[in-house]
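First up is the structure itself, then whatever we jot down about it.
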Amino acid sequence: MALSPLQRKLTRHFLATIAVLCLVFTTASLLLTLEAGTLQLDGDYPTGPARLILSSLALVRFKGIVGEASDYRLTLLWFLNAFGWEWPSASWDLSCGIVHNINGLLPGDALTLPDDLGLAAARMQLPQEDWRCLSNRVKGGFCHNPFLAAWDEEKLPPTSFSTAPALWLFYFTGSLLLAIVLQEIAIRWIPGLTECYCPNIVSRNGLCPCLKKDEKMTPDVRTRMRTWSLVLLAMSYTAASTLLTLKGLALVRFLKGLDSKIGEMDAQLGTTFIKLSASTLIAILLSVLCLRVRQYLEQNKSWMEQQGVDATTLTEPGAKPTDEEATQDLLI
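My numbering applies: residue 802 is where the sequence shown begins, and numbers increase by one.
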């Protein structure tokens, strides 16, 4: 059944609202991923254990250091931007901690095993005799801690797991979100800023991501430009989250390969991170779908309009909707 002009206008507004909410969710998801694990949240002093912020968004979690094989009481957490631990049964000041913020900006900021395990033990204020065999400051020696001693006995070369490439892609994704907001401002009030040159091979196929020379800012042009930005956003986010997931899988495989020699570390890929990444990508694609449906509604008049019925009778008195007005809705 064809929609009336009023129904089409309300539907366009509804689709615009959904698209905006999807982008807000994408922004929040990106910020949460970047922030996860980088701060300590204090518990109730002196008995309530502290925890790492957004610890459920850890890329990889595994157990070790404190306790016995298959019954370790400490969980080590690897995030996009940090490596830390949670030890709920410990005293308030040792119940969680950050070994170091990775940040992905320097080569030395990668997670390095087994070196960072020794550094974690030192940050937990364990006796030096427990972790000295893994310390770069103290050469030689024997680790009294069974878990760390098992790592030392394997004589593994330092193995690094870097999140830097994924982190830069997440930064690029954030830049695209900002660019989308600036693009919308330009589309509405300063369209001249969106002009650029597109090669003929691009223009002929309707793929130009900006306003071509001597082109007017029509509804179709707006949709084309916005769609381009959202598709690029989807590609960037997919690349970032996929690369980070592959890094996590590599660490999980590495740890599981040592379980028989070091003890059951129960290495797991963060399911919450995977679910959040999938939901974010779906949100971006949904915003693209909303754009395309809006474009369809703008290009197809209702049956009543085709029969010549005056649209002013279906809207507020004296307010006749036009194609230009129909595109001046919310963002997207």
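Heads up, the beta-carbon is just placed ideally off N, CA and C, and yes, glycines get one too.
Consult DSSP for residue i and reduce its assignment to one of helix, strand or coil.
i              : result
isoleucine 899 : strand
tyrosine 1097  : helix
tyrosine 972   : helix
serine 961     : strand
valine 861     : strand
leucine 816    : helix
leucine 807    : helix
glutamine 1069 : strand
leucine 855    : coil
arginine 868   : One point to set straight first is that residue 868 is glycine, not arginine, in the sequence displayed. Residue state, collapsed to three classes: strand.
threonine 839  : coil
glutamate 996  : strand
leucine 875    : coil
Taking the alpha-carbon positions, what's the residue i to residue j distance?
i               : j                  : result
alanine 1084    : leucine 822        : 9 Å
threonine 960   : alanine 921        : 16 Å
cysteine 997    : asparagine 902     : 40 Å
serine 1030     : phenylalanine 1074 : 25 Å
alanine 817     : alanine 870        : 54 Å
asparagine 882  : lysine 1014        : 43 Å
alanine 829     : cysteine 1091      : 20 Å
glutamate 930   : lysine 864         : 21 Å
valine 867      : alanine 837        : 24 Å
serine 976      : cysteine 1009      : 20 Å
threonine 812   : arginine 1093      : 13 Å
serine 1080     : glutamate 954      : 43 Å
glutamate 1106  : tyrosine 1097      : Per-residue confidence for glutamate 1106 stands at a pLDDT of 49, beneath the threshold of 50, marking its modelled position as unreliable; no derived number is given.
leucine 968     : valine 1053        : 19 Å
aspartate 877   : lysine 1048        : One detail in the question is off: residue 877 reads as leucine in this sequence, not aspartate. Taking the straight line from one Cα to the other gives about 16 Å.
tyrosine 873    : glycine 1071       : 19 Å
aspartate 1021  : methionine 1066    : 55 Å
valine 900      : leucine 1059       : 22 Å
leucine 970     : leucine 807        : 42 Å
leucine 1012    : asparagine 1001    : 14 Å
methionine 1018 : tryptophan 990     : 11 Å
serine 805      : isoleucine 819     : 21 Å
proline 928     : serine 936         : 12 Å
Could you check where the beta strand (DSSP E) with residue i kicks off and where it finishes?
i            : result
leucine 1044 : No beta strand (DSSP E) holds leucine 1044; the alpha helix (DSSP H) holding it covers 1020-1057.
glycine 885  : 883-887
What residue range is occupied by the uninterrupted alpha helix (DSSP H) comprising residue i?
i              : result
alanine 951    : 947-954
tryptophan 932 : 929-932
leucine 1146   : There is simply no residue 1146 to check, as the chain begins at 802 and stops at 1133 in what is shown.
leucine 1063   : For the sequence presented, residue 1063 should be read as isoleucine rather than leucine. Unbroken alpha helix (DSSP H) run through isoleucine 1063: 1060-1063.
Let me see if you follow: with CB-CB separation under 8 Å, is residue i close to chain C or not?
i           : result
proline 928 : The structure shown contains no chain C, having only a single protein chain.
Would you mind stating whether residue i and residue j have Cβ atoms separated by less than 8 Å?
i                 : j               : result
cysteine 934      : alanine 923     : no
lysine 1057       : alanine 1068    : yes
phenylalanine 962 : alanine 1041    : no
leucine 918       : tryptophan 952  : yes
cysteine 897      : leucine 833     : no
proline 966       : leucine 1044    : yes
threonine 1046    : valine 1089     : no
isoleucine 1063   : methionine 1026 : no
leucine 840       : alanine 851     : no
* Asked: Would you call the region 847-864 and the region 984-995 touching, i.e. three or more CB-CB distances under 8 Å?
  -> Taking 8 Å as the limit for Cβ pairs, the verdict is that the region 984-995 does not touch the region 847-864.
* Does the region 892-900 come close enough to the region 943-952 to have 3 or more Cβ pairs within less than 8 Å? -> Output reads no: the region 943-952 does not touch the region 892-900.
* Flag this pair as touching only if the region 972-988 and the region 1037-1052 have three or more C-beta atom pairs under 8 Å; answer yes or no. => Cβ pair count under 8 Å is three or more, so yes.
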